[in-house]
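Trainee: In our numbering, the protein residues as written are 927 to 1264. Okay, here's the structure, questions in a sec.
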């Protein structure tokens, strides 16, 4: 990608051209950060320490960013918008604690995962604590917000269950994978956009558009990660290529490749790609086969289709700096796979 335009202000990694919008979103993120720390405080210091573990490790704050941008389409950053943005980030953080236990992860955001630093029980209980505080925050926003976050919890759990159980006999593995991504990733990002528009007083049709945009871009972000894991030269993306292959994860390019009849398919199946953990020599061979397969092309086509759908949702929203920032967020998601 080209060098950043010095006239643009970077806010949580997103270049924003309008200085007033950049200032408003930056201030909103500062308020979210302050509320995050205040909300997880406990009289029992150990609970505070474990809860702050991932907050202080950093992260993109992608979900609060989307909430704040959506709010700027309408009435701006009210206290309710800050509460909503903080609640979705607490939910996201809670899922990370639980995911690391299920995945037996040892690192998260460049630091020891909570389960590695303490143990699985502490990590699970910390995630539960964050879920509880997210629910408490959302209760301040009224019964409709409580209903929405409860439905989002259910989707997150369903996506995790769907992923854990795997595709059923006769179920298309690609359809299954996309359903998992929509539930595990897209659902909370959809709620992030929905909450921002909703609590800024946007009309119902704009709230719906932001919900749809959030779900689409959430799915697109995961698909772009899948493509980067296969296509990116070592070091270019900041992620080691073939990480998912090493862990035995069947990502979208892998599933498309295995569903085809290309000459690489028998060897990919022989290697056990997407079904077992691979060693470094096997990863190198699998990457070479996948980079020459139609699976990668089909995954890129799926990403482009989602980008078009997201742009169609944005086109229904009021023109202005906030919509252009959302367009930049979408463009970044797509361009990083190039």
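Quick reminder that beta carbons are idealized off the backbone N, C-alpha and C, glycines included.
Select from 967, 1260 and 1000 the residue whose C-alpha is nearest the C-alpha of residue 1119.
Mentor: Taking only the C-alpha atoms, the option nearest residue 1119 is 1000.
Trainee: Hey, is residue 1045 close to the ligand PLP, as in C-beta under 8 Å from one of its heavy atoms?
Mentor: With respect to the ligand PLP, the structure shown offers nothing to examine, as it has no ligands at all.
Trainee: Rounded to whole angstroms, what's the CA-CA distance from residue 1157 to residue 1106? Just pull it up for me.
Mentor: Distance between the alpha carbons of residue 1157 and residue 1106: 22 Å.
Trainee: Hey, out of 1261, 1044 and 1242, whose CA is closest to residue 977's CA?
Mentor: Looking at the Cα atoms, 1044 is the closest of the given residues.
Trainee: Check the DSSP bridge columns for residue 942 and list the partner residues they point to.
Mentor: Partner(s): 935.
Trainee: When burial is assigned at 16 or more other CB atoms within 10 Å of the CB, is residue 1113 buried or exposed?
Mentor: Label assigned to residue 1113: buried.
Trainee: Is residue 1029 buried or exposed, if buried means 16 or more other CB atoms sit within 10 Å of its CB?
Mentor: Answer is exposed; the Cβ neighbour count stays below 16.
Trainee: Express the C-alpha separation of residue 1218 and residue 1003 in angstroms, rounding to a whole number.
Mentor: Near 47 Å, if we compare the C-alpha coordinates of residue 1218 and residue 1003.
Trainee: Closer than 7 Å by C-beta to residue 1136: which residues in its own chain qualify, once you throw out the five before and the five after it? Chain order, please.
Mentor: Closer than 7 Å at the Cβ level, and outside the excluded window around residue 1136, lie 996, 1119, 1120, 1122 and 1123.
Trainee: Pull up the distance between the alpha-carbon of residue 1139 and that of residue 1240, whole angstroms please.
Mentor: Distance between the alpha carbons of residue 1139 and residue 1240: 7 Å.
Trainee: Can you tell me which residues form a DSSP beta bridge with residue 1037?
Mentor: DSSP output for residue 1037 lists 1034 as bridge partner(s).
Trainee: Taking the CB atoms as reference points, tell me whether residue 951 and residue 1008 lie closer together than 9 Å.
Mentor: Cβ atoms of residue 951 and residue 1008: not closer than 9 Å.
Trainee: Would you decide whether residue 1182 is buried or exposed? Buried here means 16 or more other CB atoms lie within 10 Å of its CB.
Mentor: It is buried - the Cβ of residue 1182 has at least 16 other Cβ atoms within 10 Å.
Trainee: Check whether the region 1248-1260 touches the region 935-942, taking contact to mean three or more Cβ pairs, one atom from each stretch, closer than 8 Å.
Mentor: Short answer: they touch.
Trainee: On the CB-based measure, 16 or more other CB atoms within 10 Å of its CB, does residue 968 come out buried or exposed?
Mentor: Exposed, since its Cβ has fewer than 16 Cβ neighbours within 10 Å.
Trainee: Indicate whether the contact test is met: 3 or more Cβ pairs, each with one atom in the region 1018-1029 and one in the region 1063-1077, closer than 8 Å.
Mentor: Contact between the region 1018-1029 and the region 1063-1077 is absent, because fewer than three Cβ pairs lie under 8 Å.
Trainee: Take residue 1057 as the anchor and find which of 1210, 965 and 1216 has the nearest alpha-carbon.
Mentor: Checking every option, the nearest Cα to that of residue 1057 belongs to 965.
Trainee: Tell me, to the nearest whole angstrom, how far the beta carbon of residue 1236 is from that of residue 1146; I am working on the premise that it is less than 8 Å.
Mentor: The pair is a contact, with the Cβ atoms about 7 Å apart (cut-off 8 Å).
Trainee: Quick check on residue 1199: does DSSP put it in helix, strand or coil?
Mentor: Coil at residue 1199, not helix or strand.
Trainee: By DSSP, does residue 1245 sit in helix, in strand, or in coil?
Mentor: Coil at residue 1245, not helix or strand.
Trainee: Secondary structure at residue 928, three-state DSSP: helix, strand or coil?
Mentor: With a pLDDT of 44 at residue 928, under the threshold of 50, the predicted position of this residue should be treated as unreliable, though the coordinate-derived value follows. Residue state, collapsed to three classes: coil.
Trainee: Under a three-way DSSP split, which group does residue 1125 fall into?
Mentor: Looking at residue 1125 - three-state DSSP - the assignment turns out to be coil, as it is neither helix nor strand.
Trainee: Relative to the C-alpha of residue 1171, which candidate in 1211, 994 and 1087 has its C-alpha closest?
Mentor: For the residues 1211, 994 and 1087, the minimum Cα distance to residue 1171 belongs to 1211.
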